[in-house]
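A.B. asks: Chain order of the listed sequences is A and B.
If you want the working numbering, it's the position in the first sequence, counting the first as 1, plus 113.
If you want the working numbering, it's the position in the second sequence, counting the first as 1, plus 212.
Cβ coordinates follow ideal geometry from the N, Cα and C atoms, glycine included.
One structure, as structure tokens, below. Some questions next.
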Amino acid sequence: MTAPRDKFGRPIVVVTGMGVVTSLGAGKTDNWAKLTAGVSGIRTVTRFPIGGLRSTMAGTVDFVTVEPFSSTGLTERLADIAAEEAIEQSAIGRKGDFPGPLFLAVAPVEVEWPQRIEVSRAVGKPDFDYNDILRVSGGGKFAQLHHRFMFGSVASHLAEKFGTKGSPISLSTACASGATAIQLGVEAIRRGETEFALCVATDGSVNPEAMVRFSLLSALSTQNDPPQAASKPFSKNRDGFVMAEGAGALVLESYEAAVARGAPILGVVAGCGELTDSFHRTRSSPDGKPIIGCVRKTLADAGMTPEDVDHINAHGTATPENDKMEYLAISAVFGDRATQIPVSSNKSMVGHTISAAGAVEAIFSLLTLEHQRIPPTINYEIPDPAIPFDVVPNKARDARVTAVMSNSFGFGGQNASLILTREPA
Amino acid sequence: MTEPKEAWITGIGIVSSLGEGLDATWDALNARRVNIDDKRFAPYIVHPLAPISFDAQIPKKGDQRQMEAWQRIGTYAAGLALDSAGIKGNQEILGRMDMIVAAGGGERDTAVDMAILNAEARGNSAPGFLNERLMNDLRPTLFLAQLSNLLAGNIAIVHGVSGTSRTFMGEEAASIDAARIALGRIASGQSDITLVGAAHNGERPDILILYEFGDFNLKEKYAPVWARDKHGGFALGSAGVFLVIESRAHAEARGAKPYARLTKVVADLAQRKQPGAVTRSLEALWSKLGVAGDIGGLITGATGAEPVTSEEKAFLNEHRRCAVRATGTMFGHTLETQFPLGLALAALSISRGALFPANDPTGLELELSEPPTQIVVVGAGHWQGEGMALVEAVKQV
Numbered sequence: 114m115t116a117p118r119d120k121f122g123r124p125i126v127v128v129t130g131m132g133v134v135t136s137l138g139a140g141k142t143d144n145w146a147k148l149t150a151g152v153s154g155i156r157t158v159t160r161f162p163i164g165g166l167r168s169t170m171a172g173t174v175d176f177v178t179v180e181p182f183s184s185t186g187l188t189e190r191l192a193d194i195a196a197e198e199a200i201e202q203s204a205i206g207r208k209g210d211f212p213g214p215l216f217l218a219v220a221p222v223e224v225e226w227p228q229r230i231e232v233s234r235a236v237g238k239p240d241f242d243y244n245d246i247l248r249v250s251g252g253g254k255f256a257q258l259h260h261r262f263m264f265g266s267v268a269s270h271l272a273e274k275f276g277t278k279g280s281p282i283s284l285s286t287a288c289a290s291g292a293t294a295i296q297l298g299v300e301a302i303r304r305g306e307t308e309f310a311l312c313v314a315t316d317g318s319v320n321p322e323a324m325v326r327f328s329l330l331s332a333l334s335t336q337n338d339p340p341q342a343a344s345k346p347f348s349k350n351r352d353g354f355v356m357a358e359g360a361g362a363l364v365l366e367s368y369e370a371a372v373a374r375g376a377p378i379l380g381v382v383a384g385c386g387e388l389t390d391s392f393h394r395t396r397s398s399p400d401g402k403p404i405i406g407c408v409r410k411t412l413a414d415a416g417m418t419p420e421d422v423d424h425i426n427a428h429g430t431a432t433p434e435n436d437k438m439e440y441l442a443i444s445a446v447f448g449d450r451a452t453q454i455p456v457s458s459n460k461s462m463v464g465h466t467i468s469a470a471g472a473v474e475a476i477f478s479l480l481t482l483e484h485q486r487i488p489p490t491i492n493y494e495i496p497d498p499a500i501p502f503d504v505v506p507n508k509a510r511d512a513r514v515t516a517v518m519s520n521s522f523g524f525g526g527q528n529a530s531l532i533l534t535r536e537p538a
Numbered sequence: 213m214t215e216p217k218e219a220w221i222t223g224i225g226i227v228s229s230l231g232e233g234l235d236a237t238w239d240a241l242n243a244r245r246v247n248i249d250d251k252r253f254a255p256y257i258v259h260p261l262a263p264i265s266f267d268a269q270i271p272k273k274g275d276q277r278q279m280e281a282w283q284r285i286g287t288y289a290a291g292l293a294l295d296s297a298g299i300k301g302n303q304e305i306l307g308r309m310d311m312i313v314a315a316g317g318g319e320r321d322t323a324v325d326m327a328i329l330n331a332e333a334r335g336n337s338a339p340g341f342l343n344e345r346l347m348n349d350l351r352p353t354l355f356l357a358q359l360s361n362l363l364a365g366n367i368a369i370v371h372g373v374s375g376t377s378r379t380f381m382g383e384e385a386a387s388i389d390a391a392r393i394a395l396g397r398i399a400s401g402q403s404d405i406t407l408v409g410a411a412h413n414g415e416r417p418d419i420l421i422l423y424e425f426g427d428f429n430l431k432e433k434y435a436p437v438w439a440r441d442k443h444g445g446f447a448l449g450s451a452g453v454f455l456v457i458e459s460r461a462h463a464e465a466r467g468a469k470p471y472a473r474l475t476k477v478v479a480d481l482a483q484r485k486q487p488g489a490v491t492r493s494l495e496a497l498w499s500k501l502g503v504a505g506d507i508g509g510l511i512t513g514a515t516g517a518e519p520v521t522s523e524e525k526a527f528l529n530e531h532r533r534c535a536v537r538a539t540g541t542m543f544g545h546t547l548e549t550q551f552p553l554g555l556a557l558a559a560l561s562i563s564r565g566a567l568f569p570a571n572d573p574t575g576l577e578l579e580l581s582e583p584p585t586q587i588v589v590v591g592a593g594h595w596q597g598e599g600m601a602l603v604e605a606v607k608q609v
């Protein structure tokens, strides 16, 4: 039996339950089957009119419906589905009584257009302004909108439904949010504050204004036809990411607690690292130092060297900038191995699930360890010679995988990486 | 487990409706000054930001243009905190300094919104109309001024705080948890030094609307928090507050002087559907602080909204010997910023050897004649989330 502590004397943190929902489907089984078959979940948006948009495709989760529709409502429902699956697998606690805190990665919340229009219709006169809307907003007619559009509303719903303990934390580190949620859970267990943590990351925010916002920053692919070919990580003709929805949930637990209750051990969060880039709001420092530092901190936190990592689940958004910088950083840390180690981007199939991506991809990394099979990077027809990664092109590959690095980089200089292993070291 | 490490508050940055910096804030509190605007959003009342020259902490105009008001307020207050801790420009420390920001979201482009809503109301909205207007009319970088984590991003860019960066969301509870996690990380050795804080712009029609949905806004007539009984509600305030919190060993190694010690932060999510839940939650949190009897000072972010304020009063009635201060009376309600504000005023009061005077016609707030050595900071969110902290004078060994 392995010692319950890692080489730094900290409690080992294991994963005992996982749940996932993406545009490919609900649940690990469906997602894994499609992911390893190279299926794309990207399609032309049908949820709202696409006229006037430069990018018209997304990885929407259309098989989940909420009434009345709001992105925040969908975000909440996706989190429900993922958390239910994770808790069921870990068989932890009793129904509605999860014995630890909740860490939730969630997109920033705001009143959305359908509701804004609904409220403005109550004004009842032409040429109104914001103060006119303000005067008709009270009196209880729109009371439910207050609750719906509080930043803490999704977390409070999950805390009540699953009975997590203490004050639930909602967080955003942009596209690194999912990784940060896991990192906060790992840190809490390492501090000895708790034996268990529920880490959830969710994003249901494909709506017109969200697409316009990313579009105006020239972040999205405009290769609309065919939509499933739009997301081209590491390809020479990549031109941006594809927005997507999804959620991932992980039950984290100290190794000692998991063994004591005979829980399934699905993998280990061996290391987490984070380093802020202070160069620019949307661009990485050209020398790549913050990303390089993030990757090195993660290896150091896991007590590992680059030789110990045998697969990288890339951030791989397919923006010209991200993929180039990710290669720069990996090659600086991994040296010659950067061109030999298999690197794959799940975003080629599920798109960029933004706030959820870090957790969704951590789960896919753990499934990679479980099945000893690496999902492909699809749409890889024209390699970018400046990025000589082994990207596992277009077809899944069986491989011996013992440790996976999963990277997440976001606007605002957010860089976070995780190292996941099958067994405690 | 090793012994928890002691954490000190070594830097404080405050900007609010009462001015900027510790001296201006202290003088205003001692003068019982309150700064309200009851005209601009009448009949709603706000506590507007005092005039600030942002250049002093955000020297590049280009940076200021990339931010909306809430980010400028926060980035400014963060700079004041770093100055106060004596680490402004200290690359070695800033490059490994951790940061936890509690944030809401940024303001909207109200002109764009109103043009769309008015056209929609006139029936001029073919499918795709919304897309076209947003694509053509939104400023491309506005999104970055709205994103919650971009306050932290701007602090990294402007001040160079670039160890780790986490943004917590969720109204009042977000900053209670920010302080709680920061202290937990320092106490356990996961962090040596952390910048914690929040910023809020209360002078926004879109945010007034959001709280008006729940009838939370104070209307018609300003009154101190404890005197709002029948006309409960809060007057939104603009403020930014940041604290530098570091391990005692780290502070002593660089010769930093503490304002106070941050001893404990605890938080809860009471099930408020049950009457009295907040009272019970606060009593349970109090017992977790480990204070003996009713101590000198208690600074609360009580919102004035009901029923939570009445439930908090019921808790305070069990601790009648505490000298209570409600920051909402002077600063208005600043959501995520209210708890760091309470921590800042507690540390400031301890370092100045006096609790600032009561400002309350109802008699709930007592005067305190002796210098405070322990102050409890209380936060009970307007709709959810409860928390408490213990701030103490540093014991010299």
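Quick check on the burial criterion: 16 or more other C-beta atoms within 10 angstroms. Buried or exposed for Asp119(A)?
C.D. replies: It is buried - the Cβ of Asp119(A) has at least 16 other Cβ atoms within 10 Å.
A.B. asks: Could you tell me whether the Cβ atoms of Ala516(A) and Thr534(A) are closer together than 8 angstroms?
C.D. replies: yes
A.B. asks: Along the segment 360-390 of chain B, what residues have a CB closer than 8 angstroms to any CB found in chain A?
C.D. replies: Residues Ser360, Asn361, Leu362, Ala364, Gly365, Asn366, Ala368, Ile369, Gly372, Val373, Ser374, Gly375, Thr376, Ser377, Arg378, Thr379, Phe380, Met381, Gly382, Glu383, Ala385, Ala386, Ile388 and Asp389.
A.B. asks: Would you check if the segment 560-577 of chain B and the segment 232-251 of chain B touch, i.e. whether three or more CB-CB distances between them fall below 8 angstroms?
C.D. replies: Here the segment 232-251 of chain B lies against the segment 560-577 of chain B, with 3 or more beta-carbon pairs under 8 angstroms apart.
A.B. asks: Just the Cα atoms here: how many angstroms apart are Val446(A) and Asn337(A)?
C.D. replies: Val446(A) and Asn337(A) have their C-alpha atoms spaced approximately 35 angstroms apart.
A.B. asks: How is Pro498(A) classed by DSSP in three states: helix, strand or coil?
C.D. replies: coil
A.B. asks: Taking only beta-carbon atoms, is Asn343(B) less than 8 angstroms away from chain A?
C.D. replies: yes
A.B. asks: For the structure I just gave you, are there three or more beta carbon pairs, one from the segment 140-154 of chain A and one from the segment 498-516 of chain A, closer than 8 angstroms?
C.D. replies: yes
A.B. asks: Sort out for me which residues DSSP pairs Gln586(B) with in a bridge.
C.D. replies: Glu604(B)
A.B. asks: From the DSSP output, in three-state form, read off Arg510(A) for me.
C.D. replies: strand
A.B. asks: Quick check on Pro612(B): does DSSP put it in helix, strand or coil?
C.D. replies: The first residue shown for chain B is 213 and the last is 609, placing residue 612(B) beyond what the model contains.
A.B. asks: Between the segment 225-249 of chain B and chain A, which residues of the former have CB atoms less than 7 angstroms from a CB of the latter, in chain order?
C.D. replies: none
A.B. asks: Hey, how far is the Cα of Ile230(A) from the Cα of Thr546(B)?
C.D. replies: 27 angstroms
A.B. asks: In terms of DSSP beta bridges, what is Tyr493(A) paired with?
C.D. replies: Tyr493(A) pairs with nothing; no bridge assigned.
A.B. asks: Taking Cβ-Cβ distances shorter than 8 angstroms, what residues in chain A pair up with Ile421(B)?
C.D. replies: Val224, Val232, Tyr243, Ile246, Leu247 and Ser250
A.B. asks: By the DSSP assignment, the beta strand (DSSP E) with Tyr434(B) in it spans what residues?
C.D. replies: Here Tyr434(B) belongs to no beta strand (DSSP E), and DSSP marks it neither H nor E.
A.B. asks: Name, going along the chain, the residues of the segment 272-295 of chain B whose beta-carbon falls closer than 9 angstroms to a beta-carbon of chain A.
C.D. replies: Gln278
A.B. asks: Can we say the segment 314-328 of chain A touches the segment 233-252 of chain A, given the rule of at least three CB pairs closer than 8 angstroms?
C.D. replies: no
A.B. asks: Shorter than 8 angstroms from the beta carbon of Trp595(B) to some beta carbon of chain A?
C.D. replies: yes
A.B. asks: Which one of Ala362(A), Asp210(A) and Trp145(A) has the shortest CA to CA distance from His484(A)?
C.D. replies: Trp145(A)
A.B. asks: How many Å lie between Gln269(B) and Thr142(A) at the Cα?
C.D. replies: 53 angstroms
A.B. asks: Determine the chain B residues that contact Asp240(A) at a beta-carbon separation under 8 angstroms, and present them in chain order.
C.D. replies: For Asp240(A), the chain B residues whose C-beta falls within less than 8 angstroms of its own C-beta are Asn330, listed in chain order.
A.B. asks: Is any beta-carbon of chain A found at less than 8 angstroms from that of Glu424(B)?
C.D. replies: yes
A.B. asks: Report the residues of the segment 120-138 of chain A with a CB closer than 9 angstroms to any CB of chain B, ordered along the chain.
C.D. replies: For the segment 120-138 of chain A, which is checked against every Cβ of chain B, not one residue is closer than 9 angstroms.
A.B. asks: Can you list, in chain order, the residues of its chain with a C-beta nearer than 6 angstroms to that of Val477(B)? Leave out the 5 residues immediately preceding and following it.
C.D. replies: Ala391, Arg392, Leu395 and Ala601
A.B. asks: Report the neighbours of Gln617(B) on chain A: residues whose CB is nearer than 9 angstroms to its CB, in chain order.
C.D. replies: The structure shown does not extend to residue 617(B), since chain B spans only 213 to 609, so no value can be given for it.
A.B. asks: Just to confirm, are Gly79(A) and Thr173(A) a CB contact at a threshold of 8 angstroms?
C.D. replies: Any question about residue 79(A) goes unanswered here, given that chain A covers just 114 to 538.
A.B. asks: Could you please give the first and the last residue of the uninterrupted beta strand (DSSP E) stretch that includes Met542(B)?
C.D. replies: That residue, Met542(B), is in no beta strand (DSSP E); its alpha helix (DSSP H) goes Thr539 to Phe543.
A.B. asks: Between Ala280(A) and Cys312(A), what straight-line distance do the alpha-carbon atoms span, to the nearest angstrom?
C.D. replies: Inspection of the sequence shows that residue 280(A) is occupied by Ser rather than by Ala. Going by the C-alpha atoms only, they are around 13 angstroms apart.
A.B. asks: Tell me the start and end of each unbroken alpha helix (DSSP H) in the segment 351-394 of chain B that is at least 4 residues and wholly inside, in chain order.
C.D. replies: 354-358 and 362-371
A.B. asks: Give the residues from the segment 551-574 of chain B that approach chain A closer than 9 angstroms (Cβ to any Cβ), ordered along the chain.
C.D. replies: Correct list: empty, as no residue qualifies.
A.B. asks: Which residues in chain B have a C-beta closer than 7 angstroms to the C-beta of Ala268(A)? List them in chain order.
C.D. replies: Gly382
A.B. asks: Would you kindly check if the distance between the Cβ of Ala468(B) and the Cβ of Ala297(B) is under 8 angstroms?
C.D. replies: Using a Cβ distance threshold of 8 angstroms, Ala297(B) and Ala468(B) count as a contacting pair.
A.B. asks: Exposed or buried, which one is Thr214(B) when buried takes at least 16 other CB atoms within 10 Å?
C.D. replies: exposed
A.B. asks: Given this structure, state the Cα-to-Cα distance separating Met114(A) from Gly298(A), to the nearest angstrom.
C.D. replies: Its pLDDT being 45, under 50, Met114(A) is placed unreliably by the model, and the measurement read from it follows with that caveat. Approximately 24 angstroms between the Cα atoms of the pair.
A.B. asks: State the CB to CB distance for the pair Leu422(B) and Phe262(A), rounded to an integer number of angstroms; the pair is presumed to be in contact (CB under 8 angstroms).
C.D. replies: 6 angstroms
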